[in-house]
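Sequence positions in the sequence shown follow the working numbering and run -11 to 376.
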Amino acid sequence: MSVEFTDEQLQIKESISRLCKRFDDKYWLERDTDGVFPEDFCRAIADEGWMGIAMPEQYGGSGLGISEAAIMVQAITESGAANAGFAAIAIGIFGLNPVVVFGTDAQKERWLPPIIKREDVACFAVTEPNTGLDTTRLKTRAIRDGENYIIKGEKIWTSTALQSNKMLLIARTKPESETKRPIDGLSLFYTDLNRDYVEIRPIDKMGRKCVDSNQLFIDGLPVPKEDLIGEEGKGFRYLLHGLNAERILISASMVGLGRCALKRAADYARERVVFGRPIGMNQSIQHPLAESWAELEAANLMAFRAANLYDSGRECGLEANGAKYLAAEAAFKACTNAVMTHGGMGYAKEYHVERYMRECLIHRLAPISPQLMLSYLAERALNLPKSY
């Protein structure tokens, strides 16, 4: 094992792995085929108390750190659940970080227990069709009207919206022309996803079929002022606080997915006999898989280094972004190598590796591109001039 875990952390990994055995490759292949949301998997996670792993104990959570949450999500993806298993529960694990950190006691009491128990299901409404990664230029407006804000705009790539009754939503409460910087004037809300005012259109995509991604059309949604998180105009700063935790958890999950693909490839290479010998005897098969093992373990070290820094309250932006970059690239390479090792059968769904390859791509692209991460690392680690 590349990272030394405590006995308690090992128990978390073992417990999650045991739970995931009830949801095997056949289960996830069926969900990838029929597109049915894995609610029974999510329910099992919530019923065994894992949904609130990194949330305060006083609201029903476990009060543990990002390190423990990373162990949990890695065990999920490594089990064969891949990115679908992680994405199905992601916002319940770390998405309400702004509420935990910046919400009032009354808001935490009102919002956190139902999420932990999965009585509420939330989605994350941030990205917009015409702004992409330039989040400070968001156009969705929230205009104060008495005791409510009235929200109008569009969001895209909002995962699990079809399952959700709540959403974490960022919108502009002050026009960009009236602010000193684009980062100002954005406010964060946690509110009801009222379908009388929100149209949800699913996006048909290449992977993770059972976890829906959607475009939202919001027209006149009334949001009570009590649903504003923190101060008006500081919503983007609240989102930034949780980005390092998000990157760490994605990194750990991608390492788990890469390991899963690598194990299948190695198993196949030992068993598949061509020209009278296992293909795993051939260095052309061995070397790519060995490279992937080394790259995944290196990414894992960076991910848990970042998690340790985060949990101890230290700055971890470089490590979190570095980990996400390394893990996404290593997982992509491992999944590709797994397909190639299987030869023609790698293209067949019954061997699962093609599903892993499709699902690994989303976190190579999002929630931040590898190019932007490299630009960030060049600026912050190497003191090069900002390029964007």
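The C-beta atom is built at its ideal place from N, Cα and C for all residues, glycine as well.
Task: Contacts around residue 80, its chain only, beta-carbon distance under 6 Å, and the 5 residues preceding and following it disregarded - done: Closer than 6 Å at Cβ, skipping near neighbours: 39 and 103.
Open item on the list: Can you tell me which residues form a DSSP beta bridge with residue 202?
Closed with: Secondary-structure assignment with DSSP links residue 202 through a beta bridge to 146 and 190.
Open item on the list: For residue 282, tell me which candidate among 218, 319, 339 and 296 has the shortest Cα-Cα distance.
Closed with: Ranking the options by Cα distance to residue 282, first place goes to 319.
- [ ] Alpha carbon to alpha carbon, how far is residue 179 from residue -7? Give it in angstroms, no decimals.
- [x] Here the alpha carbons of residue 179 and residue -7 stand approximately 38 Å from one another.
Open item on the list: Taking the alpha-carbon of residue 267 as reference, which of 114, 150, 19 and 328 has the nearest alpha-carbon?
Closed with: Here the closest residue by C-alpha is 328.
Open item on the list: Let's test the definition: count the other Cβ atoms within 10 Å of the Cβ of residue 397 and tell me whether it reaches 16, buried, or not, exposed.
Closed with: Limits of the chain in this structure are -11 at one end and 376 at the other, which puts residue 397 out of reach.
Task: Touching by the beta-carbon criterion (3+ pairs, under 8 Å), the region 76 to 91 and the region 145 to 162 - done: Touching, yes, given that three or more Cβ pairs across the two stretches are closer than 8 Å.
Task: residue -11 burial status per 10 Å Cβ neighbour count (16 or more: buried) - done: Reliability of the predicted coordinates at residue -11 is poor, the pLDDT of 45 falling under 50, and no value is obtained from them.
Task: For residue 131, three-class secondary structure by DSSP - done: Secondary structure of residue 131 (DSSP, three-state): strand.
Open item on the list: What residue range does the beta strand (DSSP E) around residue 180 cover?
Closed with: Its beta strand (DSSP E) spans residues 174 to 180.
Task: Through-space distance from residue 221 to residue 157, alpha-carbon basis - done: In this structure, the CA atom of residue 157 is about 13 Å from the CA atom of residue 221.
TODO: Note the first and the last residue of the continuous beta strand (DSSP E) segment covering residue 158.
DONE: From DSSP, the beta strand (DSSP E) with residue 158 extends over 154 to 160.
TODO: Specify, as a first and last residue, the run of the beta strand (DSSP E) that residue 112 falls within.
DONE: Run containing residue 112: 110 to 113, per the beta strand (DSSP E) assignment.
Task: CA-to-CA distance, residue 114 to residue 123, given in whole angstroms - done: Whole-angstrom Cα-Cα distance: 8 Å.
Task: First and last residue of the uninterrupted alpha helix (DSSP H) at residue 351 - done: 350 to 353 is the extent of the alpha helix (DSSP H) around residue 351.
Task: Three-state secondary structure assigned by DSSP to residue 87 - done: Note: residue 87 maps to helix in three-state DSSP.
TODO: Determine the DSSP secondary structure at residue 141, reduced to helix, strand or coil.
DONE: DSSP places residue 141 in strand when its eight states are reduced to three.
Task: Alpha carbon of residue 214 to alpha carbon of residue 99, nearest angstrom - done: Distance from the CA of residue 214 to the CA of residue 99, rounded to the nearest whole angstrom, comes to 12 Å.
- [ ] Return the residue from the list 341, 90, 119 and 357 that minimises the CA-CA distance to residue 13.
- [x] That would be 341, whose Cα lies nearest to the Cα of residue 13.
TODO: In the DSSP assignment, find the unbroken alpha helix (DSSP H) run with residue 14 in it and report its ends.
DONE: 13 to 22 is the span of the alpha helix (DSSP H), which, as asked, contains residue 14.
TODO: Please classify residue 300: is it buried, with 16 or more other beta-carbons within 10 angstroms of its beta-carbon, or exposed?
DONE: Under a 10 Å Cβ-count criterion, residue 300 is classified as exposed, with fewer than 16 other Cβ atoms of the shown protein chains found around its own Cβ.
Task: Top-ranked residue by Cα proximity to residue 351, from 169, 82, 241 and 1 - done: Of 169, 82, 241 and 1, the residue nearest in Cα terms is 241.
Open item on the list: Taking the straight line between their C-alpha atoms, what separation do you get for residue 322 and residue 362?
Closed with: The alpha-carbon atoms of residue 322 and residue 362 are separated by roughly 21 Å.
- [ ] With a threshold of 16 other CB atoms inside 10 Å of the CB of residue 197, please say whether the residue is buried or exposed.
- [x] It is buried - the Cβ of residue 197 has at least 16 other Cβ atoms within 10 Å.
TODO: Along the alpha helix (DSSP H) that carries residue 255, what are the first and last residues, could you check?
DONE: Annotation for residue 255: the continuous alpha helix (DSSP H) segment containing it runs 223 to 259.
Open item on the list: The alpha helix (DSSP H) that contains residue 33, what's its start and end?
Closed with: Per DSSP, residue 33 belongs to the alpha helix (DSSP H) from 27 to 35.
- [ ] Can you grab the Cα-Cα spacing for the pair residue 5 / residue -4, in whole Å?
- [x] In this structure, the alpha-carbon of residue 5 lies about 14 Å from that of residue -4.
Task: Cβ neighbour criterion (16 or more within 10 Å) applied to residue 263 - done: Burial is judged here by how many other beta carbons sit within 10 angstroms of a residue's own beta carbon; residue 263 has fewer than 16 and is exposed.
- [ ] Assign residue 136 to one of three DSSP states: helix, strand, or coil.
- [x] Residue 136 falls in the strand class under three-state DSSP.
- [ ] Could you have a look at residue 122 and say whether DSSP puts it in helix, strand or coil?
- [x] Reduced to three states, the DSSP call for residue 122 is coil.
Task: Residues near residue 310 in its chain [Cβ-Cβ closer than 7 Å; skip 5 each side] - done: When the five nearest sequence neighbours on each side are left out, the beta carbons in the same chain lying within less than 7 Å of the beta carbon of residue 310 are those of 290 and 365, in order along the chain.
Task: Where the alpha helix (DSSP H) through residue 74 begins and ends - done: From DSSP, the alpha helix (DSSP H) with residue 74 extends over 70 to 78.
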